[in-house]
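Same order as they appear, the protein sequences are chains A and B. The numbering of the first sequence is numbering that gives the first Met the number 0, which starts it at 0 and goes up by one. The numbering of the second sequence is numbering that gives the first Met the number 0, which starts it at 0 and goes up by one. Even for Gly, the Cβ is constructed at its ideal location relative to N, Cα and C. Presented below is the structure to which this report refers.
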Amino acid sequence: MHIPDGLIAPQVYLVAAAIAVPCWVYAVKRVSTTLDETAIPRLAVLTALAFVLSTIMVPLPGGTSAHLSGMGLLVLAFGLWPAFLAFSLVLTLQALLLGAGGITALPVNALTMGLAGGAVVAGMRLLLGARTAAWTTVVPVWLGVVVAAVLLSLVLGAQPWLATDAGGQPLFFPFGPAVTLPVIVLPHMIIGLLEGILTLMILRILDSRRATA
Amino acid sequence: MRDRVVLACWLGAVVAITFVHDPVVLAGLLLIALAAQGGAAPKVALRALAAVALVNLTVSIAYVASSWLSGGDWMVFVLRLNLRVFLLALLTFWMIRHVDLVRAAAPWAPLQFLVVLVLGQIRTFAALLSDYRMAFVSRSPTRPPLRVRFSSAGRQAAAMMEKAERQAEELNHGMRARGFFDERS
């Protein structure tokens, strides 16, 4: 769902960058202190994992598929800040190696999907405590995906209000929230549910393998 | 040094282009960018076009339709959007051809090390995933039902998670054995 270059106004992506940079600095400090000397190899493996996880397709009814974002899985397995850092690195590599997503949109994508979406997953999981029922994994992941989609829709939907030319025509993305919210959020309500179920399956498979090891 | 200069120029150009709104100026910049690609121009332009076509077409068609219904003008916006997004994609693919990320990160040893490790690990995981996919396809003479495909996706991701944990530990031991952490402390 991430946004390419050229659709977001500078006044939005520059502000997003000003918010994202301190978050990245804090995340680096948190990861360095909690993981000490193992920080670099662990972060590298986590980033590579997130990069490749994002290429795994979530099957959709009708033979189509969507990408797994992997954010919920990474948060539940490794915690919010390592997951946020890995996800941001993945977005950077996707932009610099594949031309996928945009470098100007990177702070917006990282904050909405990585930090806000991840914080929702981590926060809900914290609230649910030691409960292990299936819904305690599915619902936080689903909500994380949906919240990220809502925020992304609002950022995109704000563009025609923030930047227009003298004739009133939009300078960047042209549609307001009345269009972006249903177009982006509704499919992600289904994608989020499938990602939640897939995350639950992955964590259960891992648990059962560890139990038999 | 050259890689960092190219990377900085590309970043500066991308930011500057988002401040340009005149379709004529954007078209001029696009022509210059295409000319600067030399013989590689058609290949790079095709890659850029493939990367932006879906988003640009969807937004453009929707905007033309909504303007047509409301009787508004759409030409300037559609030209501006398509020229800008295509120009930015073209510059990005030009940068990808000319920048080696590992060399660009050379002055910052931990960052360079991270980039090297990440790129190596991506290849390892991608190969593993490809093996899993091919094995799944070869075991499925007909299209498997949704439940089976879902289960396969879950097992692929779980295998990656397991491998990731082991790889991180192995990398850590390897780096410690070679004195990497001693040099840093």
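Apart from the 5 residues on each side of it in sequence, V27 of chain A sits with its Cβ closer than 8 Å to the Cβ of L84 in its chain, given in chain order. Taking 8 Å as the CB threshold, R154 of chain B lines the interface with chain A. Nearest C-alpha to L170 of chain B among A:A43, A:Q93 and A:L6: A:A43. From the beta-carbon of R83 of chain B, the residues of chain A found nearer than 8 Å are G5. Nearest Cα to A148 of chain A within the set A:Y12, A:L127, A:N108 and A:A99: A:N108.
Counting the other Cβ atoms within 10 Å of the Cβ of L6 of chain A gives 16 or more, which makes it buried.
Listed by position along chain A, the residues whose Cβ is nearer than 8 Å to that of A163 of chain B are V44, L45, A47 and L48. Rounded to whole angstroms, the gap between the alpha carbons of Q120 of chain B and F174 of chain A is 40 Å. For the 8 Å CB-CB criterion, G100 of chain A and M70 of chain A do not form a contact. With the criterion set as a beta carbon lying under 7 Å from some beta carbon of chain A, the members of the region 90-121 of chain B are T91, F92, I95, L100, P109, F112, L113, L116, V117, Q120 and I121, in sequence order. Per the coordinates, the alpha-carbon of S129 of chain B lies some 22 Å from the alpha-carbon of R208 of chain A.
For I204 of chain A, the nearest CB of chain B lies under 8 Å from its own CB, placing it at the interface with that chain. Contact between A158 of chain B and L127 of chain B holds: their C-beta atoms lie close to 7 Å from each other, under 8 Å. DSSP places V145 of chain A inside the alpha helix (DSSP H), whose first and last residues are W134 to L161. If you draw a straight line from the Cα of P143 of chain B to the Cα of G195 of chain A, it is about 21 Å long. In summary, A17 of chain A is exposed, with fewer than 16 beta-carbon neighbours lying within 10 Å of its beta-carbon over all protein chains present. Contact between L88 of chain A and T46 of chain A holds, with the beta-carbon distance rounding to 4 Å and staying under 8 Å. Apart from the 5 residues on each side of it in sequence, L105 of chain A sits with its Cβ closer than 7 Å to the Cβ of L90, T91 and A94 in its chain, given in chain order. Per DSSP, the continuous alpha helix (DSSP H) segment holding W67 of chain B begins and ends at A40 to S69. According to the DSSP assignment, H97 of chain B belongs to the alpha helix (DSSP H) that extends over M74 to H97. The beta carbon of G191 of chain A lies closer than 6 Å to those of W141, V144 and V145 in the same chain, with the five residues before and after it left out. Taking the Cα positions, P106 of chain B is about 36 Å away from L150 of chain A.
Residue contact with chain A for M174 of chain B: present (Cβ-Cβ distance below 8 Å to some residue of chain A). Cα atoms of L126 of chain A and W134 of chain A: separation of roughly 13 Å, rounded to the nearest angstrom.
For F135 of chain B, the closest Cβ of chain A is not nearer than 8 Å. At a cut-off of 8 Å between beta carbons, M160 of chain B contacts chain A. Cβ proximity to chain B below 9 Å picks out A162, D164, G166, G167, Q168, P169, L170, F171, F172, P173, F174 and V178 from the region 161-178 of chain A.
The beta carbon of L87 of chain B sits closer than 7 Å to the beta carbons of V13 and I16 from its chain, once the five residues preceding and following it are set aside; these are given in chain order. Boundaries of the alpha helix (DSSP H) harbouring P186 of chain A: L185 to T211, taken from the DSSP string. The C-beta of R208 of chain A comes closer than 8 Å to at least one C-beta of chain B. Among the CB atoms of chain A, one or more fall inside 8 Å of the CB of V51 of chain B.
Residue range P22 to A35 is occupied by the alpha helix (DSSP H) that includes P22 of chain B. Non-local C-beta neighbours of L29 of chain B in its own chain, meaning closer than 8 Å and more than five positions away in sequence, comprise L82, F85, L86 and L89, ordered along the chain. In the same chain as V77 of chain B, and ignoring 5 residues on each side of it, the C-beta atoms closer than 7 Å to its own belong to S59, Y62 and V63, in chain order. Annotated three-state conformation of P169 of chain A is strand, per DSSP.
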